[in-house]
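A.B. asks: Here it is, the structure, as structure tokens.
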Amino acid sequence: MSIEAVALRLELDELYADYVHCLDDDELERWPDFFTEDCFYRVTSAENYEANRPLGLIYATSRNMLKDRVSALREANIYEPQRYRHLVSSLRITGEPGDVLDLVANFLVVRTMQDGDMTVFAAGRYVDRVRREGERWKFGTRTVVLDSRQIDTLLAIPL
Amino acid sequence: MSIEAVALRLELDELYADYVHCLDDDELERWPDFFTEDCFYRVTSAENYEANRPLGLIYATSRNMLKDRVSALREANIYEPQRYRHLVSSLRITGEPGDVLDLVANFLVVRTMQDGDMTVFAAGRYVDRVRREGERWKFGTRTVVLDSRQIDTLLAIPL
Amino acid sequence: MSIEAVALRLELDELYADYVHCLDDDELERWPDFFTEDCFYRVTSAENYEANRPLGLIYATSRNMLKDRVSALREANIYEPQRYRHLVSSLRITGEPGDVLDLVANFLVVRTMQDGDMTVFAAGRYVDRVRREGERWKFGTRTVVLDSRQIDTLLAIPL
Amino acid sequence: MEQQPMLEWPAEGNLRVPYRVFADPEIYRAELARIFLGPTWQFLTLAGELPQPGDYLTTFLGETPVIVTRGHDGELHAMVNRCAHRGNLVCLKQRGHADNLTCVYHAWRYDLAGNLDSVAFRRGIAGKGGMPASFALEQHGLKQLRVDRFGDLVFGTLSPEAPPLGDYIGNLIGSRIHRVLHGTPKILGTTSQILHNNWKLYFENVRDTYHATLLHSFFTTFRMSRLTAEGGVDIAENGAHHASYTRNKVDRVDAATSDRLYAGMPSMHENFRLADPGFLAMREEFGDDTTTQILSLFPNFVLQQIQNSIALRVVLPKGPDKTELQWIYLGFAEDDAEMTALRLAQANLVGPAGYVSMEDGAVGNFIQRAIRGSEQDCSVLEMGGAGHVSEANRTTEASVRSFWHCYRPLMGL
Amino acid sequence: MEQQPMLEWPAEGNLRVPYRVFADPEIYRAELARIFLGPTWQFLTLAGELPQPGDYLTTFLGETPVIVTRGHDGELHAMVNRCAHRGNLVCLKQRGHADNLTCVYHAWRYDLAGNLDSVAFRRGIAGKGGMPASFALEQHGLKQLRVDRFGDLVFGTLSPEAPPLGDYIGNLIGSRIHRVLHGTPKILGTTSQILHNNWKLYFENVRDTYHATLLHSFFTTFRMSRLTAEGGVDIAENGAHHASYTRNKVDRVDAATSDRLYAGMPSMHENFRLADPGFLAMREEFGDDTTTQILSLFPNFVLQQIQNSIALRVVLPKGPDKTELQWIYLGFAEDDAEMTALRLAQANLVGPAGYVSMEDGAVGNFIQRAIRGSEQDCSVLEMGGAGHVSEANRTTEASVRSFWHCYRPLMGL
Amino acid sequence: MEQQPMLEWPAEGNLRVPYRVFADPEIYRAELARIFLGPTWQFLTLAGELPQPGDYLTTFLGETPVIVTRGHDGELHAMVNRCAHRGNLVCLKQRGHADNLTCVYHAWRYDLAGNLDSVAFRRGIAGKGGMPASFALEQHGLKQLRVDRFGDLVFGTLSPEAPPLGDYIGNLIGSRIHRVLHGTPKILGTTSQILHNNWKLYFENVRDTYHATLLHSFFTTFRMSRLTAEGGVDIAENGAHHASYTRNKVDRVDAATSDRLYAGMPSMHENFRLADPGFLAMREEFGDDTTTQILSLFPNFVLQQIQNSIALRVVLPKGPDKTELQWIYLGFAEDDAEMTALRLAQANLVGPAGYVSMEDGAVGNFIQRAIRGSEQDCSVLEMGGAGHVSEANRTTEASVRSFWHCYRPLMGL
Ligand code: FES
Ligand code: FES
Ligand code: FES
Ligand SMILES: [Fe+3]
Ligand SMILES: [Fe+3]
Ligand SMILES: [Fe+3]
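Laid out in structure tokens, this is it:
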């Protein structure tokens, strides 16, 4: 295995780690910048995904739509204070190496409400396509496939 | 640290990632092939493991027994549709490096039923011995040591 | 990326993996040795941490205080048999590389009681400063920031 | 106990709702029996979900599990999902295809209409065992529901007293269903939300025309469904069903007046702008100028049209303080690609993460928590007066009052 | 309320079981008092688990926590695990060794038989405080159980009315226990299953000879315990206990007839084969031709022999719809290595992941979910007629009916 | 049902406590109404937590959510956190700052004292809708609490019958509060513990002077609060409140006698030593020789001084067998850096991970589990005799008995 292959792997680990700390540390304003301008971001259930139903609970066809999601959460929508904690595991490169990579990883999200109540809010997999933009890898496509068809109460903070 | 040592580490990460995606993506037919033909696979509890009680909830002394487990799940046994999501962490090489390696890793499995109900189904550690077969590492021994003595409802899909 | 940078990354992974296996395998006597002699170890909640309230649920300003915590758990305090399972994810180097490193990582702890009852006991992040002592990295500062303000029943085994 | 009232309803009638009805386990159990197993029609599925004979799916009447099948006769059938032998679930999967329904426990076999066809080893083996001669297959079928369709919507009831479905829905509300479902429904996707509150708190929310622009900033800020626009609420005669509507392009007051009326409302964010507002634009579709229509059928069905976003919602009680809200997002087979893309983009408005529905998933739980220890107190339903009939106005709680007007006699309250 | 019946049992008697008995919290509480704290013997442990004086372990009578000890007198003792002072758990660990039992809260000390030995600071300090002179140690011991052994099986009861253990079990069932436990029990391992259903649904399942080859494909496909083989069910006089057995090598009908009878059963998979079927072969062990024997003692103990796989199962109620099923897998000290290996391989058949028991962990929950809203309906127990006595036949629900025959008078139902 | 006794209290009176009071849902509901919404004062916050007009925070009276504000008048106000319209939580955040309190659901606006200021669209729009003329704002405010301060401690009650706060606390206990809170409180941090037991089991534990050196080894081994040291317990006249204290430097018996009395106690570990014991040393602070003081106000407030570790604890009931224990760790604005460091180090003694409090988080749950099936039995409170008044002695359960002495008339038991 070449040093380049190793470096690539660690760059991707870094990308996934940075992404979840951004969300878990409530730095939502940084979040759209993990995506390409023409990105496709979608949160759906395994049930929809496997039935080829196109619906997204969150469905963005541009980085601007991600920015709007953030500003709505900051200015418009009302939801109880809460925070996520992401655990990410088992990242794999599924396609051919190159400047565009297909990736999959498992995740688990624990949601904690202001009163301290903790629940396993989401579990599933990221099905991603990343593209190199200069020094950084960015998500051209991120499909968040939730194992469960159920959402507890509401889905405010993105996944 | 040599490039070989680094490469080894990433190969093992890849093995563990591939294994859990196989189970979580319901590709059970691929599962026996992660093991050597004369493998020993056992699911037990920490309570049995620490008391040196040999019982396994699933107990296979050959790859063929793993194949039989899969065909029983596909053809014979009845259980409600469900899926696992594995999170794996803290993989360590515990023995001497070589063509046979002793490994341990932590895992957590969230089980999701068809109606969307999610539970933390299993947590524990993998106590493994892997052997290199040509290009691939395979499990000569995999002991799945569950922290809990309790199984919720049933254990169908392997861990 | 240099081979040294890669090696550093894998050393840190090893440190975090070794640490959680130490706690999860009930080898508490090894635990203080992960810290420098003049270490600062503190378990607190995100609520206290973000309000700059200095309280720690466990608050140690020396390795000896960690040793006392262990001997109290072994000899003095009474609590029901229980075990932890740590999942660690998304380790990041947040500061400048050097002989002292600032790190952050996410964690989840599942606690299992002797009767088999499992709960998500803790989720949060490690905010760490590690220092190289000879061959090993040690925690000069480890702040365990829990997402929840609530502790279920009690906090005996450290995190 | 089922006969005497479980609580004393206040003298103000529909102007007051005792909080106890949202928390009391005894009242909840009575609702399951008197409403969900009583003389009401409840949504089961879209007919198109069961295209072939042998197709089946499972759902609920209240908490009672139900099977819906397409019989070999091509007809739709529904039965309680409980084996007549020892009560096992006959269908374990949420959907599937089968020539008959065979219970896994002892292999009793039912036809697709729920009639018992055969009992394993009914005659015993080698002269020993088996069922007594007196055992009659026809007395041990699955409990069958009445099933009827309204367009592509399939409803069921266990009650012989329920009026025919068409009469149950009525023309006033029926025509508003047809208005929205003008094509061949195509499911874009589904989801469900677990609400930690009593089912009625969500159903009140759906029928509450007063809250939309006060709770949901998008409606207010982007002038989507202001109360200052033309609109009103249609209410079925017995109060059971409702349809509220906005004709957004027709203002009742000029924009300046509208802005003044909303000025200072917490939901009004003058300076809030979108970087990519394209998805908010409505495409002409329904041949009228109604931009939003929220419709409910008693006790637990909702049909939503917000711009071009169409969804069915089913409210399933799971306990006194737990509810599952199922979402079925629709398009039509006749949609072009652009319309499908628009519906998918506008799906951002609704559902668990919806810009104008996210709050509705939480507010019921806020109330559930707030009324602890206040079960003897009452909510106040005086907006728009005391009426529970149709109005050309949405600054009213008429359709919330009408829910209680229908609920109370059924419950004997 | 405890005196008048909690429900009206149907006129059909043991041929019908109202679903309410599986769901009603009041009935559940009455079961804890009248059955689990009543005149029944319940399994506590294997004698060999407490070899030394001072060894102890904890378990339950229903939901009541219990301590079992080996006293300095070498005898086994059992007490409720609740301190006589302020009710703290006296033993916190599931098993341990101690010279006496000291409560951690205020250090009251009991001997290994549960007698109160000392009270911390009973005489106060420097003339202040302490217990009143009237306080008598002997009036404040731990509540003691009657303990008795049947071979290596240790049972306990809190009731003075329970007959002697030997009479309780009786010879018919007792001899079938001895048949299986022919050596010195050695525990191969343990596990437990959390079942989301009422405890009686699992106990009915265990006593149900009708379901095995219809629910569990392995039994059918691999001809392991077909109803067409010789077999039957022994039932104790009062119906309390049962033992069903299969003499697999003796067919009542020829193989072709057997195949024909099972043809088309969903559990029959003609083409299902194993790549490594070795573990299915039974090794001669019991000196008879019984290949499977499932035995139950009222209210919650099971002894299983399937081929060479031997296990004890204890059914612990945890709520109206929650049950813990504990498994203790056994071999014997006399086993050779090959037999141990065979038992471990055959353990794949049973337990939470067992090829012929996996389904039993789920079917009770299926019923629990199916009967929601149908609590007034009844299950039907007519297979094999109306009897609840021994039969040389398994195509019957006789031993299920006999469970209710024993249950109803205890519960006054 | 609320009028006749829910259980028959034993003839022994305060010497016995029926376990049912820790498990029965009906008794629990009655406690919420009669105690937590009844004539008792409950801690709401420290005055310093709301420095500015418009500051608010939320807490509970029992399970009833409450808002505490600093009004524009500079006064503290408290109201039930439930909108007068349809019962929504008016304040969603645990703390914040606002000029008024506006409900998110329909934007009804209240002032900081809970008076209803405005109703959105009260006059309707363009002559349609709106509230009826009869609707009077002043009849629809938030339900207001009586609020009073004791030093920096803010208390509230919903009952007009509660005596003035000063009389409620009384001088005996009041002076012991002032003794500890001698400066300007500064919060070092907070946490909360979820206890899986009835709230009264924790409150009994706090008032139990008998257990400390028997359960908590640190107290015993390091001679921190032995019963052989001077000390006692002050009890308010009606039994409601208590303060136990240790004057550690004054031994009632010589060290040898003390060691002998504790010899063999499980909590005594002669050879247990700390590598870094510095944090155990107490720094002179209170101008007396009291090293430990545990104080409780009925029904759910605790003020703790252990060496220099000061904390408030609030006991919030969350169900018959669930309790939230909130901790507020205090220092004073006047502390120097060394004192702050010492308090932080000594915080290791208390809280969920505290060397002398860890066990208290679990023991209540041990009892809750132990009493299952023994609800008709009783705990025994005879240590120190039958009194429930002040004693210069801690080898007694006087302050536990006094809790029940106050509890029973309130509950009619
Ligand atoms: S329960 Fe359905 S066949 Fe027996
Ligand atoms: S509760 Fe056991 S000694 Fe007090
Ligand atoms: S519920 Fe508060 S304004 Fe309507
Ligand atoms: Fe809404
Ligand atoms: Fe079975
Ligand atoms: Fe204590």
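Chains as they are written, first to last, in the numbering used here: chain P, 1 to 159; chain R, 1001 to 1159; chain L, 2001 to 2159; chain X, 3001 to 3413; chain V, 4001 to 4413; chain G, 5001 to 5413.
Just so you know, even glycine gets a beta-carbon here, dropped at the ideal spot from N, CA and C.
1) Report the rounded CA-to-CA distance for Tyr49 of chain P versus Ser148 of chain P, giving the unit in angstroms.
2) Determine the chain V residues that contact Gly5141 of chain G at a beta-carbon separation under 8 Å, and present them in chain order.
3) By Cβ distance below 8 Å, which residues in the same chain neighbour Val5068 of chain G in space, the five residues on each side in sequence not counted?
4) Since Arg4020 of chain V is in the alpha helix (DSSP H), which residue starts that stretch and which ends it?
5) Rounded C-beta distance between Ala1007 of chain R and Met1 of chain P? I'm assuming under 8 Å.
6) Is Glu2133 of chain L helix, strand or coil when you go by DSSP?
7) At the 8 Å Cβ level, is Gly56 of chain P part of the contact set with chain X, yes or no?
8) Kindly examine ligand 3 and report whether one of its heavy atoms sits closer than 7 Å to the Cβ of Trp5108 of chain G.
9) Using DSSP's beta-bridge definition, name the partner residues of Leu4050 of chain V.
10) Taking the straight line between their C-alpha atoms, what separation do you get for Leu3295 of chain X and Ala3263 of chain X?
11) In this structure, does DSSP put Asp4254 of chain V in helix, strand or coil?
12) Hey, does Ala2072 of chain L have any beta-carbon neighbour from chain G nearer than 8 Å?
13) When you compare the CB of Asp1128 of chain R with every CB in chain L, is at least one pair closer than 8 Å?
14) Could you give the DSSP three-state label for Glu4031 of chain V: helix, strand or coil?
15) Is the CB-CB distance between Gly5129 of chain G and Asn3393 of chain X below 8 Å?
16) Runs of 4 residues minimum, wholly inside the stretch 4174-4241 of chain V: which ones carry the alpha helix (DSSP H) assignment?
17) Go to Trp4404 of chain V, then tell me how far its alpha helix (DSSP H) extends in each direction, as first and last residue.
18) At the level of alpha carbons, what is the spacing between Ala3083 of chain X and Ala3098 of chain X?
19) Beta carbon of Ile5328 of chain G, beta carbon of Ile5187 of chain G: below 8 Å?
20) Give the interface partners of Glu3382 of chain X over in chain G, defined as CB-CB distance under 7 Å, in chain order.
21) Does Gln5307 of chain G come out as helix, strand or coil in the three-state DSSP assignment?
22) If you count every other CB in all the chains shown that lies within 10 Å of the CB of Val1130 of chain R, and 16 or more means buried, which is it?
23) How about Asp1155 of chain R: is its Cβ closer than 7 Å to a heavy atom in ligand 5?
24) Determine whether the beta carbon atoms of Val120 of chain P and Val2120 of chain L lie at a separation below 8 Å.
25) Asp5099 of chain G CB to nearest chain X CB: under 8 Å?
26) DSSP three-state call for Ile78 of chain P: helix, strand or coil?
27) Buried or exposed: which applies to His4106 of chain V, given that a residue is buried once 16 or more other Cβ atoms fall within 10 Å of its Cβ?
28) Do Leu45 of chain P and Val1020 of chain R have their CB atoms nearer than 8 Å?
29) Can you tell me the Cα-Cα spacing of Gly3231 of chain X and Gly4361 of chain V, whole angstroms?
30) If you run the structure through DSSP and keep just helix, strand and coil, what is Cys1022 of chain R?
31) According to DSSP, Tyr59 of chain P sits in a beta bridge with which residue or residues?
32) Answer yes or no: does any C-beta atom of chain V fall closer than 8 Å to that of Lys1067 of chain R?
33) Determine the direct distance from the alpha carbon of Gly116 of chain P to that of Ile2151 of chain L, and round the result to whole angstroms.
34) Under 7 Å from any heavy atom of ligand 6, does the C-beta of Ala5212 of chain G make it?
35) Mind checking who Met2113 of chain L pairs with in its DSSP beta bridge?
C.D. replies: Based on what the coordinates show:
1) Their backbone Cα atoms lie some 11 Å apart in a straight line.
2) Result: empty, since nearest Cβ-Cβ is about 40 Å, beyond 8 Å.
3) Cβ contact annotation for Val5068 of chain G (same chain, cutoff 8 Å, sequence separation greater than five): Leu5044, Thr5045, Leu5050, Tyr5056, Leu5057, Thr5058, Thr5059, Leu5076, His5077, Ala5078, Val5147, Val5154 and Gly5156, in chain order.
4) First-last for Arg4020 of chain V: undefined, no H or E at that position.
5) Yes, Ala1007 of chain R and Met1 of chain P are in contact; Cβ-Cβ is about 4 Å, under 8 Å.
6) In the three-state reduction of the DSSP assignment, Glu2133 of chain L falls in the strand class, which pools E and B.
7) Using a Cβ-Cβ cut-off of 8 Å, Gly56 of chain P counts as an interface residue toward chain X, since at least one Cβ of chain X sits closer than that to its own.
8) Yes; taking the cut-off as 7 Å, the Cβ of Trp5108 of chain G has a heavy atom of ligand 3 nearer than that.
9) For Leu4050 of chain V, which the question treats as bridged, DSSP gives no partner whatsoever.
10) Taking the straight line from one Cα to the other gives about 29 Å.
11) Asp4254 of chain V falls in the coil class under three-state DSSP.
12) Taking CB atoms only, Ala2072 of chain L has a neighbour in chain G less than 8 Å away.
13) Under the Cβ distance rule, Asp1128 of chain R does not count among the residues neighbouring chain L, no pair being separated by less than 8 Å.
14) Glu4031 of chain V: helix per DSSP, three-state reduction.
15) In this structure, Asn3393 of chain X lies closer than 8 Å to Gly5129 of chain G by Cβ.
16) Listed in chain order, they are 4199-4206, 4212-4215 and 4217-4221.
17) Element bounds for Trp4404 of chain V: Ala4398 to Met4411.
18) According to the sequence displayed, residue 3083 of chain X carries Cys and not Ala. Cys3083 of chain X and Ala3098 of chain X have their C-alpha atoms some 16 Å from each other.
19) Contact: yes.
20) Within chain G, the residues Met5131, Pro5132 and Phe5135 have their CB atoms less than 7 Å from the CB of Glu3382 of chain X, given in chain order.
21) Assigned with DSSP and collapsed to three states, Gln5307 of chain G falls in coil, not helix or strand.
22) Its Cβ being crowded by 16 or more others within 10 Å, Val1130 of chain R is buried.
23) The residue asked about is misnamed: residue 1155 of chain R is Leu in this sequence, not Asp. For ligand 5, not one heavy atom lies less than 7 Å from the Cβ of Leu1155 of chain R.
24) Taking 8 Å as the cut-off, the beta carbon of Val120 of chain P is found closer than this to the beta carbon of Val2120 of chain L.
25) Output row for Asp5099 of chain G: interface = no.
26) Three-state result, Ile78 of chain P: coil.
27) The residue in question, His4106 of chain V, is buried, as its Cβ has 16 or more Cβ neighbours within 10 Å.
28) A small fix is needed here, since residue 45 of chain P is Ser in this sequence, not Leu. No. Outside cutoff.
29) Between Gly3231 of chain X and Gly4361 of chain V, the C-alpha separation is close to 55 Å.
30) Shown here, Cys1022 of chain R sits in a helix according to DSSP, grouped into three states.
31) Tyr59 of chain P is bridged by DSSP to P:Arg42.
32) Yes, contact with chain V.
33) If you draw a straight line from the Cα of Ile2151 of chain L to the Cα of Gly116 of chain P, it is about 9 Å long.
34) Under cutoff, so the answer is yes.
35) Met2113 of chain L pairs with L:Gln2082.
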